[in-house]
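For the sequence shown, this note's numbering assigns the number 15 to the initial residue and increments by one for each residue that follows.
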Amino acid sequence: MHPLLEPCQLYTGKLTKLGYPVVAQRLWREFFGDYPKHLEVDHLCCNPACIHPKHLQLVTHKENLRRVWMRQTHCKIGVHPKTIENTYKTNTGRLACKPCMMFKELRRTISRRLRRGKNKMFNLRSMPSLNA
């Protein structure tokens with residue numbers, strides 16, 4: 015049987031704000047022994063409270079973040095589907111949602127123009143399009 019077909023074993027003790035067991039590292043050591051400090055535990059089942067040994071895997075932080083990104087189907091706001099066409103790499107190397115960034119730029123532009131002159135009207139045609 016595939017390990018992920020087995021049901022999760024949920025930790026019933028104290029959880030962190032993100033839903034992880036407070037003693038997650040200690041539980042790993044009980045199951046598998048010590049592990050290098052540069053690795054972290056990835057929950058293959060995507061359930062942070064799961065302590066099923068077959069649902070846990072040691073990976074680097076970079077790999078863990080990549081897996082989280084691959085599991086997401088929508089942007090952080092949850093409105094736009096995450097597709098190759100909808101995402102781009104920022105100057106810092108992070109992936110971002112194009113429609114959300116365009117909306118953020120639009121809000122910034124409107125705010126800047128309103129601060130310059132309280133009663134001045136601004137030309138909406140000069141604003142970036144949300145359809146681009």
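Note that the Cβ used here is the ideal one computed from N, Cα and C, for glycine as well.
Burial state of residue i, where buried means 16 or more other Cβ atoms lie within 10 Å
i, result
"C60", "exposed"
"P21", "exposed"
"H57", "buried"
"L70", "buried"
"P95", "exposed"
"V55", "buried"
"Y102", "exposed"
| request: Go through the segment 86 to 123 residue by residue and report every complete run of the beta strand (DSSP E) that reaches 3 residues or more, in order. | output: 101 to 103, 109 to 111
| field | Length-filtered (3 minimum) beta strand (DSSP E) runs lying within the segment 17 to 66 | value | 53 to 57
| Between the segment 38 to 47 and the segment 73 to 90, do at least 3 Cβ pairs fall closer than 8 Å? | no
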